[in-house]
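Number of protein chains: 2
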Amino acid sequence: MQVAVLAGGVGGARLCHGLYRLQPEGLSLVVNTGDDFRLHGLAISPDLDTVLYTLAEWANPVQGWGLRDETWNCAQQLTQLGGESWFRLGDRDLATHLFRTHQLDQGLSLTRVMQQLAARAGLPTDLLWPMCDGQVRTKLRLSEGWVDFQDYFVKRQHTDRVLQCRYEGADQIPPTEGVVTALLAADRIVLAPSNPYLSLLPILSLQGMAALWPQLRARKVAVSPMIGTRAVKGPLASLLDSLGHPVSSLGIAQLLRDWIDVLIIDSGDTHLQPQIEALGLQVGLTPTLMKDTEDRERLARVTLDV
Amino acid sequence: MQVAVLAGGVGGARLCHGLYRLQPEGLSLVVNTGDDFRLHGLAISPDLDTVLYTLAEWANPVQGWGLRDETWNCAQQLTQLGGESWFRLGDRDLATHLFRTHQLDQGLSLTRVMQQLAARAGLPTDLLWPMCDGQVRTKLRLSEGWVDFQDYFVKRQHTDRVLQCRYEGADQIPPTEGVVTALLAADRIVLAPSNPYLSLLPILSLQGMAALWPQLRARKVAVSPMIGTRAVKGPLASLLDSLGHPVSSLGIAQLLRDWIDVLIIDSGDTHLQPQIEALGLQVGLTPTLMKDTEDRERLARVTLDV
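Residue numbers (my numbering), protein chains in the order written: chain Z, 1 to 306; chain S, 307 to 612.
(1) For the region 52-78 of chain Z, enumerate the residues whose C-beta is nearer than 7 angstroms to any C-beta of chain S, in chain order.
(2) Per DSSP, what kind of secondary structure is TRP565/S in: helix, strand or coil?
(3) Mind pulling the chain A residues with CB within less than 8 angstroms of THR576/S?
(4) So, is the C-beta of PHE37/Z closer than 8 angstroms to a C-beta in chain S?
(5) Select from the region 167-186 of chain Z all residues with a C-beta closer than 9 angstroms to any C-beta belonging to chain S, and list them in chain order.
(6) With a CB to CB cut of under 7 angstroms and the five nearest residues on each side skipped, what residues in its chain are close to MET1/Z?
(7) Any C-beta of chain S sitting closer than 8 angstroms to the C-beta of ARG120/Z?
(8) Closer than 8 angstroms, CB to CB, is GLN386/S near chain Z or not?
(9) For the alpha helix (DSSP H) that LEU48/Z lies in, which residues bound it at each end?
(10) Taking only three categories from DSSP, how would you classify SER267/Z?
(11) Below 8 angstroms on C-beta distance, what does ARG248/S contact in chain Z?
(12) Is it buried or exposed, THR431/S, if we count other Cβ atoms within 10 angstroms and call 16 or more buried?
(13) Distance cutoff 8 angstroms, beta carbons only. Does LEU128/Z sit that close to anything in chain S?
(14) Rounded to a whole number of angstroms, what is the C-alpha to C-alpha distance between HIS245/Z and ASP341/S?
(15) Let's test the definition: count the other Cβ atoms within 10 Å of the Cβ of SER249/Z and tell me whether it reaches 16, buried, or not, exposed.
(16) Write down the C-beta distance between LEU48/Z and LEU128/Z rounded to the nearest angstrom, noting that I regard them as a contact closer than 8 angstroms.
(17) Sort out for me which residues DSSP pairs LYS445/S with in a bridge.
(18) Hey, out of SER224/Z, GLN254/Z, GLN76/Z, VAL5/Z, whose CA is closest to ASP375/S's CA?
(19) To the nearest angstrom, report how far apart SER267/Z and ALA231/Z are at their CA atoms.
(20) According to DSSP, which residues form a beta bridge with GLN370/Z?
(21) Taking the alpha helix (DSSP H) that SER405/S belongs to, which residues open and close that run?
(22) Taking ASP105/Z as the query, report the chain S residues whose CB atoms sit under 8 angstroms from its CB, ordered along the chain.
(23) So, does the CB of GLN422/S fall closer than 8 angstroms to a CB anywhere in chain Z?
(24) Using only the alpha-carbon positions, how far apart do GLN421/S and ASP292/Z sit?
(25) What residues are listed by DSSP as bridge partners for TRP435/S?
(26) Is the beta carbon of GLY324/S closer than 8 angstroms to that of ALA606/S?
(27) Quick one, which of ARG602/S, GLY372/S, SER500/S has its alpha-carbon nearest ALA528/S's?
(28) DSSP three-state label for PHE153/Z, please.
(29) Could you compute how far the alpha carbon of LEU184/Z sits from the alpha carbon of GLY178/Z?
(30) Mind checking which residues open and close the beta strand (DSSP E) that includes ALA222/Z?
(31) Among ALA4/Z, GLY11/Z, VAL5/Z, VAL3/Z, whose alpha-carbon lies nearest the alpha-carbon of LEU236/Z?
(32) Using a 10 Å radius around the Cβ and a threshold of 16 neighbouring Cβ atoms, would you call HIS271/Z buried or exposed?
(33) Thinking just about the alpha-carbon of each residue, which of LEU348/S, GLN588/S, ASP575/S, GLY315/S is nearest to the one in TRP371/S?
(34) Rounded to the nearest angstrom, what separates SER391/S and SER109/Z at their Cα positions?
(35) Strictly by DSSP, which residues pair up with LEU343/S?
(36) If I'm right that GLY540/S touches HIS464/S with Cβ under 8 angstroms, what's the distance once you round it to whole angstroms?
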């Protein structure tokens, strides 16, 4: 079965890992780049790297992002030199950013750079796809105005109330040819349990995506990142609340209803099934929390079998 | 006394440190940038950093360059990712390069960037002067043709025979205004015990330097980096030999005779005094090996008193 996944963030990376362990061939991971930014001149792609590190089994197992056995000597010295210190770059992680920045500055596409990084990580080169090679930037409106994603997420530690999201540039930048090909070829499209506002909608907002979507023959299955009224990680509950959706998998269903056939929700949320079905979606019920590799594989299996 | 120093490399940095300890005010260190290069997109200034780290007392005391308590995790990871690994960047050292590269890419001059780094290192901001803000590149002709300095020095570990040196761009790039001002104001100009071919002549080859030199009122004193027939560090002996100069302080005297009034040579080299004086130079005799901070201060004192 040809499978394409839309993903971003730690939860998304974990499901990608489960799918990769089930079927390393015929898998295309389309990853959000709306959070990408430059720091000290370095091109940083947080979601791509989280997926890369997770699949290479290089990721820090506790925090889910960054590299295991990481050290922070460069960041510490940079602080002493008066560099920006709100986003701490690990010493090993820096190698990825240096490699990427140098290749991008020499004119290679992000797609091509990630293929090289994937190869070096022992992964197939047709696995990891940046959603686009242009610059889409997720912006959030807080009470004091629009800010960049990293400003909201890291610098302010996502404590502000978000009043609006937009994906700057998305209406003018199409998905890459590789992404379109993967979506057209897919028998199954999986929307990973990633924050819809911050990871999935940036991908779905790309130029031409709304027109492409109905042409795709794949069955489209999303895994809700909500368990009860809580997100496994990050500010999703607060975003659902401030942006006017129910703080539960029902909110996720409302957000994604035009894009999916099936929503997989946590088995503790059975009570939401009738309301989600009323939106025209099929519901899958299964434990959705991924604590270990077995959980990842089991949930991945459900997304393929449902 | 206003003192200007021309320097590059570890020996130069050590004498600069001695001078700085004697008189932190009224001191201008003009540093070679002919070895500067880009690696992984990062702007690296080896001689400036060696002087910065040595004066800040951050330098690795054994190797003389780089930072103390350095780690190499980024370099190790970069090798794994397939990046160039012939020049290993320490994790802490990387912070300097990231800081500099980012500031340069935003349009600041190297002079201005080094002022900021000096300030962060607790040094005066009018102390450390890149010889120029343009791009002069030391090139060496080996049997197979011209190569970049770092190619010769690090990648090939300076084992090749050098047939010729040139300082690409030097004839079109003047010293900075700060350098010219410091030289004009100086009562004493010290040419540090640095490799003349690789550190001093790049500075002296800058556009307008030959015309400026006779206008300078300062007494000009060089310290020879040769002790007997050996250089304290690096490939100087081999360069003197292949480029047709005596492999001793006499060779240094021949190279620098048009630029200095006094050459300080090691007290073990008394026998060279008549030949050096025959070139029209005054000779100073003193132990020139700098093993510790006291040696640095003592030698610095000689350069001021001679």
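Cβ atoms here follow ideal geometry from the backbone N, Cα and C, with glycine treated the same way.
In terms of the structure at hand:
(1) Correct list: THR71, ASN73, CYS74, GLN77, LEU78.
(2) Under the three-state reduction of DSSP, TRP565/S is assigned to coil, being neither helix nor strand.
(3) No chain A appears in this structure, whose protein chains are Z and S.
(4) Judged by the 8 angstroms Cβ criterion, PHE37/Z is not in contact with chain S.
(5) Those would be none; no residue qualifies.
(6) Only GLY26, ASP187, ARG188, LEU304 meet the Cβ criterion.
(7) Answer yes: the Cβ-Cβ gap between ARG120/Z and chain S drops below 8 angstroms somewhere.
(8) True, the Cβ-Cβ gap to chain Z drops below 8 angstroms.
(9) Looking at the DSSP string, the run of the alpha helix (DSSP H) that includes LEU48/Z is 46-55.
(10) In this structure, SER267/Z counts as helix in the three-state DSSP scheme.
(11) For residue 248/S there is no data in the structure shown, the boundaries of chain S being 307 and 612.
(12) That one is exposed.
(13) Chain S contact via Cβ: absent.
(14) Taking the straight line from one Cα to the other gives about 60 angstroms.
(15) SER249/Z sits buried, since 16 or more C-beta atoms from the chains shown fall within 10 Å of its C-beta.
(16) Yes, LEU48/Z and LEU128/Z are in contact; Cβ-Cβ is about 7 angstroms, under 8 angstroms.
(17) Paired residue(s): ASP454/S, ARG472/S.
(18) Of the listed residues, the one whose Cα sits closest to ASP375/S is GLN76/Z.
(19) Near 15 angstroms, if we compare the C-alpha coordinates of ALA231/Z and SER267/Z.
(20) There is no way to answer for residue 370/Z, as the model of chain Z reaches only from 1 to 306.
(21) According to the sequence shown, residue 405/S is Phe rather than Ser. Where PHE405/S is concerned, the enclosing alpha helix (DSSP H) stretches over 397-411.
(22) Neighbours of ASP105/Z in chain S, taken as residues at a C-beta separation under 8 angstroms, are given in chain order as GLY347.
(23) Closer than 8 angstroms: yes.
(24) If you take the alpha carbons of GLN421/S and ASP292/Z, they lie about 51 angstroms apart.
(25) For TRP435/S, which the question treats as bridged, DSSP gives the partners VAL336/S.
(26) For ALA606/S and GLY324/S, yes; Cβs fall inside 8 angstroms.
(27) Checked all of ARG602/S, GLY372/S, SER500/S; the closest Cα to ALA528/S is SER500/S.
(28) Collapsing the DSSP output to three states places PHE153/Z in a helix.
(29) Using only the alpha carbons, I get a separation of about 10 angstroms.
(30) Note, ALA222/Z: beta strand (DSSP E), 219-223.
(31) Nearest C-alpha to LEU236/Z: GLY11/Z.
(32) Taking a 10 Å sphere around the C-beta of HIS271/Z, we find fewer than 16 other C-beta atoms and assign the residue as exposed.
(33) Considering only alpha carbons, the answer is GLY315/S.
(34) Rounded to the nearest angstrom, the two C-alpha atoms are 23 angstroms apart.
(35) Residue identity check: residue 343/S is Phe in the sequence provided, not Leu. Residue pairing by DSSP places PHE343/S opposite ILE350/S in a beta bridge.
(36) About 7 angstroms; that satisfies the 8 angstroms criterion.
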